[in-house]
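Shown next, in structure tokens, is the structure this report addresses.
2 protein chains.
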Amino acid sequence: MSQVTAEITISLDGFAAGPNQSKDNPLGEGAERLHEWVFPTASWRGQHGIEGGETGPDDDAAAGFGRGVGAFIMGRNMFGPPGGGEWDESWRGWWGEDPPYHVPVFVLTHHAREPLTMEGGTTFHFVTNGIESALEQARAAAGDQDVKVIGGAKAIQQYLRAGLLEELQLHLSPILLGSGERLFEDVGDPKLEPVEVVAGAATHVTYRVG
Amino acid sequence: MSQVTAEITISLDGFAAGPNQSKDNPLGEGAERLHEWVFPTASWRGQHGIEGGETGPDDDAAAGFGRGVGAFIMGRNMFGPPGGGEWDESWRGWWGEDPPYHVPVFVLTHHAREPLTMEGGTTFHFVTNGIESALEQARAAAGDQDVKVIGGAKAIQQYLRAGLLEELQLHLSPILLGSGERLFEDVGDPKLEPVEVVAGAATHVTYRVG
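Here the protein sequences come in this chain order: A and B. Okay, so the first sequence: first residue is 8 according to this note's numbering, each after it adds one. Okay, so the second sequence: first residue is 8 according to this note's numbering, each after it adds one.
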């Protein structure tokens, strides 16, 4: 059955991005280390058109990224470029012409823009009337598949606070960032129950959200 | 071989204690929920002289508390009562006459006090000349067994920052406290590698500290 999930990597001290995010450093200072667990995996490499890579528990976790997902939702800064304001319409995301989504992606933004159709099945839709509307559109696009919110922190916070998430997968990277953007900031007190744990270079914990 | 370890429970948003710690509420508001994973376990109950309890992965994690430990180190507030200042010498800890340690316990404090011998093998030693001295004394007491730092957050922070910990076991409780005392505050950037993960009501992750 279709459900609403979220997936994000955080540091052990709770940051989803480092300080001073910019176009040159979209995840903030030091935060590329956050994602070190995923870059060597065969699944991540395959998703980005690179051959080879490692198998094992981290690869298993990476392989689940798009499995059963009929639509993604992301925040404006994850689509980029950071800084907000009106779109530079030449901006087509961080991922080149064939982004690793292959389904509709709904981008939360304050600035309207025509849908952007990429190669490989990804179309970015820009939603200016709030998270509920984005979810409604994503559900319609996903059919009987899942809708997955993939960040950044602020997008997941909004869905968590609104009680709209049914499942949250955290990749706990074994690093400390010390500062940056926290995932769990002003999200209320949702009921969380760990339902799956996978041990790898990161610790991958899936929570059912009550 | 003897090593220096630490063990503590934190919320998913990184707090080792809730806000407004007091004598009536030593773990702060809401923080008894932090430790909900351990109270039903047969091991915790046995350590506190209560019969019965549950077995399973959380019990396995709880059973490791004193295993191979020849001396504990704790902060002044963990011994209590909170508030600092001179000792009320009538205070004998939170645990009654037979505390669940059964080995020497070194308490980090600014106020000297004679050692306090309890039942069951626990003696509290009060160390006023710093964390290195406490560790040295604990090592001498532990012989070829481990020294374990068991909190609170500030005690573990000091050992982590000083590069004196070899292993850190975190019990990640599936709750959000929103505020309180964070474990990872001003601890630098130690190298951490997860070496054991146990899935239960909490997620128990042991990190090797490099």
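All C-beta atoms, glycine included, are put in the ideal place defined by N, C-alpha and C. Predicted model only: the values in this text are computed from it and were never measured.
State the Cα-Cα distance for the pair residue i and residue j, rounded to the nearest angstrom.
i, j, result
"A/V112", "A/L172", "17 Å"
"A/E203", "A/L177", "10 Å"
"B/F191", "B/I163", "9 Å"
"B/D193", "A/I15", "24 Å"
"A/E174", "B/E200", "26 Å"
"A/V110", "A/A78", "6 Å"
"B/F46", "B/G25", "18 Å"
"A/S186", "B/S97", "42 Å"
"B/A145", "B/D20", "31 Å"
"A/D151", "A/S9", "5 Å"
"B/D153", "B/V76", "5 Å"
"B/M125", "B/G87", "15 Å"
"B/L115", "B/Y166", "12 Å"
"A/W102", "B/L41", "40 Å"
"A/G100", "A/Y108", "12 Å"
"A/N27", "B/T213", "31 Å"
"B/G63", "A/W44", "29 Å"
"A/G159", "B/D65", "32 Å"
"A/K161", "A/V205", "25 Å"
"A/A23", "B/T48", "33 Å"
"B/T129", "B/A70", "18 Å"
"A/G217", "B/H55", "32 Å"
"A/A147", "B/E61", "45 Å"
"B/H132", "B/A149", "13 Å"
Would you mind reading off the limits of the beta strand (DSSP E) that contains residue i?
i, result
"A/F79", "V76 to G82"
"A/S140", "That residue, A/S140, is in no beta strand (DSSP E); its alpha helix (DSSP H) goes I138 to A149."
"A/I182", "No beta strand (DSSP E) holds A/I182; DSSP gives it neither H nor E."
"B/D153", "D153 to V156"
"B/A206", "L199 to A206"
"A/Y214", "T210 to V216"
"B/T130", "T130 to V134"
Interface residues of chain A around residue i at Cβ under 8 Å?
i, result
"B/L199", "L19, P181, I182 and L183"
"B/D196", "I182, L183 and G185"
List the residues of chain B whose Cβ lies closer than 7 Å to the Cβ of residue i, in chain order.
i, result
"A/V112", "Chain B residues near A/V112: none, gap ~27 Å exceeds 7 Å."
"A/Y108", "The premise fails here: A/Y108 is roughly 27 Å from chain B at the closest Cβ pair, so nothing lies under 7 Å."
"A/F191", "L19, D20 and L183"
How would you write the range of the alpha helix (DSSP H) that residue i sits in, first residue to last?
i, result
"A/R40", "Here A/R40 belongs to no alpha helix (DSSP H), and DSSP marks it neither H nor E."
"A/L115", "A/L115 -> not in any alpha helix (DSSP H); beta strand (DSSP E) instead, spanning P111 to L115."
"B/Y166", "A160 to R168"
Classify residue i: buried if its beta carbon has 16 or more other beta carbons within 10 angstroms, exposed otherwise.
i, result
"B/W51", "buried"
"B/K30", "exposed"
"A/S180", "buried"
"B/K198", "exposed"
"B/P122", "exposed"
"B/D196", "exposed"
"B/T135", "exposed"
"B/S140", "exposed"
"A/V84", "Residue identity differs from the one stated: residue 84 of chain A is Asn in this sequence, not Val. Its Cβ being crowded by 16 or more others within 10 Å, A/N84 is buried."
"B/E93", "exposed"
"B/R74", "exposed"
"A/D95", "exposed"
"B/I138", "buried"
"A/G82", "buried"
"A/H118", "exposed"
"A/G37", "buried"
"B/I157", "buried"
"B/I80", "buried"
"B/E188", "buried"
"B/I17", "buried"
"B/I57", "exposed"
"B/G207", "buried"
"A/G59", "exposed"
Please compile the residues from chain A whose C-beta is within a distance smaller than 7 Å of the C-beta of residue i.
i, result
"B/A206", "P201 and V204"
Quick one: which chain B residues come within Cβ less than 8 Å of residue i?
i, result
"A/F46", "Those within 8 Å of A/F46 in chain B number zero; the least Cβ separation is about 17 Å."
So with CB distances below 9 Å, who are the chain A contacts of residue i?
i, result
"B/Y214", "L19 and P181"
Run down chain B in chain order and give the residues with a C-beta less than 9 Å from the C-beta of residue i.
i, result
"A/T210", "L179, P201, V204, T210 and V212"
As an exercise, report each continuous beta strand (DSSP E) stretch of at least 3 residues that is fully enclosed by the region 11–67 of chain B, in chain order. Whole beta strand (DSSP E) segments, 3+ residues: 11–18 and 22–24.
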